[in-house]
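Letter 209 of the sequence shown, counting from 1, is numbered 212 in the numbering used here, and no numbers are missing. Idealized CB from N, CA, C, for every residue including glycine. In this text the structure is predicted, and so the values were computed from the model without any measurement. Read through the structure below, which is laid out as structure tokens, and then see the notes.
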Amino acid sequence: MDRRLLLKTGLVLATARSASSCLAADTAHVDPADPPWQHQTGGPFTTYGTPSKFEKYVIRNVGGNRRPAGEGVSWTPLQDLAGIITPSGLHFERHHDGVPDIDPALHRLVIEGLVRQPLEFSVESLLRYPMRTRYLVIECGGNSNAGWHQEPIQRPVGDFHGLVSCSEWTGVPLSILLDEAGVDPKAAWVIAEGADAGLLNVSLPLSKLADDAMIGLYQNGERLRPENGYPLRLIVPGWEGITHVKWLRRLQLTDRPAMTRNETATYTELQPSGKARMFTFVMDAKSLITSPSPGQKMYGPNVYEISGLAWSGRGKIAKVDVSADGGKSWAEADLQDPVLPQCFTRFRLPWSWDGNPAILKSRASDETGYVQPERDVLVGERGREGYFHYNAIVSWAIDEDGEITHVYA
Ligand SMILES: Nc1nc2c(c(=O)[nH]1)N[C@H]1C(S)=C(S)[C@@H](COP(=O)(O)O)O[C@H]1N2
Ligand SMILES: [Mo]
């Protein structure tokens, strides 16, 4: 990127805007200098707040589900959000059997198998344990999988990459509960099972669970939303979404993985080498420019703020580079505080768009030295059978009219 085009000054920046954020048309007769709400007492107090009716377009996309009821996803509208926290009502959803309507008074969590003392916890008893709070991303292993398609998908960024969200999670460190149960030295794996109708289960290495997993009870300060696992879910920092078992009811310690459907029929991928990828738990570093992005429009040559999200399952984001010329030259974006491990990091960079065609890219590096790959490199390594863990650099093309499209560049 041409350094002379970057102006790190206090200029007023233009922002690419989406059509949905335009004002309603029937307000033409109202004088903005004298709006009616300045003349009368406003509405009543409410027991639980909801977004402004003018923000009713900022919703999860549930439109892609052609599967049986209860099986599918909803996408977080990343293009409409700022900062790093995903509002709880907009956290993406991935359900295999719908959202169970669990009465917390009747829910139990059992820890059993290779332990000295099997334990059963009520939700009420778990709420009395010491807790910790962490800001963490949950990303579905299948997020961004349209990137494997031959042709670039043309959708708003959230409908393509929005199976990732970031919340403040508060809960009980699992190590405390494992210590209480007394882990048998022969135990090496844990089979985690949810209380939804399909009893979704996955096998997880005990070492990770004993290290930093937790039983999540609060999301963004309040108790979990039913869609996200109420009354409790497993939180496995930095690992793919499927490991964060919702409505968690059982942790069974074993000496080997159970080879359940979610680690054999799915989440196992053949590579060009003939070897299969399995137990690919960690989510590698990824970044996206959320503004400007497809579905938004540039309003003429001006100074714009390029803004986006970066995260890594391996730790903190160290650096995000941004290109406006399709990757020929790069400039380092500002990382906005806080920069936390396994959490969204917001990056920003002022950019002077001269009105000529441009290709925007962002490239994240994490504290382990891992660098987000270009698409051809990722596809070269993993082949065309890929479905999970797509984390290639994303390119947005801007044409002379300010239209923004997704391209492979
Ligand atoms: N019990 C249960 N846990 C589950 C699932 C499920 O269907 N049932 N889906 C998994 C998958 S594939 C993902 S990506 C995450 C999604 O979490 P979220 O719906 O809170 O975003 O939950 C995981 N935990
Ligand atoms: Mo997932």
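**Prompt:** Buried or exposed: residue 199, going by 16 or more other Cβ atoms within 10 Å of its Cβ?
**Reply:** buried
**Item:** Buried or exposed by the 16-neighbour rule on C-beta atoms within 10 Å, applied to residue 180
**Value:** buried
**Message:** Between 170, 140, 305 and 335, which has its C-alpha nearest residue 227's C-alpha?
**Reply:** 170
**Request:** Give the DSSP bridge partners of residue 437, in chain order.
**Result:** Here the chain has residues from 4 to 412 only, and residue 437 is not among them.
**Prompt:** For residue 53, which three-state DSSP category applies?
**Reply:** coil
**Request:** Report the residue ranges of all beta strand (DSSP E) runs contained in full by the stretch 34 to 84; include only those spanning at least 3 residues, in chain order.
**Result:** 75 to 77
**Any heavy atom of ligand 2 within less than 5 Å of residue CB: hits in chain order** = 97, 143, 244 and 245
**Prompt:** What's the gap between the Cα of residue 330 and the Cα of residue 409?
**Reply:** 15 Å
**Prompt:** If you draw a straight line from the C-alpha of residue 303 to the C-alpha of residue 355, how long is it?
**Reply:** 11 Å
**Message:** Are there any heavy atoms of ligand 1 lying less than 6 Å away from the beta-carbon of residue 197, as far as the coordinates show?
**Reply:** yes
**Request:** With hydrogens ignored, establish whether the beta-carbon of residue 249 is closer than 6 Å to any heavy atom of ligand 1.
**Result:** yes
**Asked** Is it true that the CB of residue 350 sits closer than 7 Å to the CB of residue 323?
**Response** yes
**Message:** I'd like to check one pair, residue 313 with residue 367: are the Cβ atoms closer than 7 Å?
**Reply:** yes
**Prompt:** First and last residue of the alpha helix (DSSP H) that includes residue 128?
**Reply:** 126 to 129
**Asked** When burial is assigned at 16 or more other CB atoms within 10 Å of the CB, is residue 156 buried or exposed?
**Response** exposed
**Asked** Closest by CA to residue 407, which one among 202, 363 and 373?
**Response** 363
**Asked** Between residue 54 and residue 166, what straight-line distance do the alpha-carbon atoms span, to the nearest angstrom?
**Response** 22 Å
**Request:** State the Cα-Cα distance for the pair residue 72 and residue 100, rounded to the nearest angstrom.
**Result:** 8 Å
**Message:** Taking 6 Å as the cut-off, is the beta-carbon of residue 343 closer than that to any non-hydrogen atom of ligand 1?
**Reply:** no
**Request:** Alpha carbon to alpha carbon, how far is residue 297 from residue 190? Give it in angstroms, no decimals.
**Result:** 49 Å
**Asked** Any contact of the stretch 244 to 264 with the stretch 367 to 377, i.e. 3+ C-beta pairs under 8 Å?
**Response** no
**Prompt:** Hey, quick one: how far does the beta strand (DSSP E) through residue 367 stretch, first residue to last?
**Reply:** 361 to 369
**Request:** Give the C-beta separation of residue 186 and residue 118 to the nearest angstrom, bearing in mind that I take them to be a contact with Cβ-Cβ under 8 Å.
**Result:** 6 Å
**Message:** Let me make sure I understand the geometry here. Which of 49, 103, 78 and 388 has the alpha-carbon closest to that of residue 233?
**Reply:** 103
**Prompt:** Would you call the CB atoms of residue 311 and residue 365 closer than 7 Å?
**Reply:** yes
**Boundaries (first-last residue) of the alpha helix (DSSP H) holding residue 179** = 177 to 184
**Item:** Proximity test, Cβ basis, 7 Å: residue 285 and chain B
**Value:** Any reference to chain B falls outside this structure, which holds one protein chain only.
**Request:** Check residue 91 in the structure and name its three-state DSSP category.
**Result:** helix
**Request:** Quick one: residues in its chain with C-beta nearer than 6 Å to the C-beta of residue 361, no 5 flanking neighbours on either side, listed in chain order?
**Result:** 327 and 401
**Cutoff 6 Å; reference residue 219; Cβ partners in own chain excluding five residues on either side** = 172, 174, 236 and 238
**Message:** Restricting to Cα atoms, I'd like to know which of 197, 343 and 382 is closest to residue 112.
**Reply:** 197
**Request:** Provide the residue span of the alpha helix (DSSP H) that contains residue 147, from first to last.
**Result:** Counting along the chain, residue 147 falls outside any alpha helix (DSSP H), and DSSP gives it neither H nor E.
**Request:** Report yes if the CB atom of residue 222 is closer than 7 Å to the CB atom of residue 77, and no otherwise.
**Result:** no
**Prompt:** Cβ of residue 99 versus every heavy atom of ligand 1: is any distance shorter than 6 Å?
**Reply:** yes
**Request:** Please go through the same chain and pick out, in chain order, the residues whose beta-carbon is closer than 8 Å to the beta-carbon of residue 105, but skip the five residues on each side of it.
**Result:** 198, 229, 233, 234 and 250
**Asked** Where does residue 218 fall in DSSP's three states?
**Response** strand
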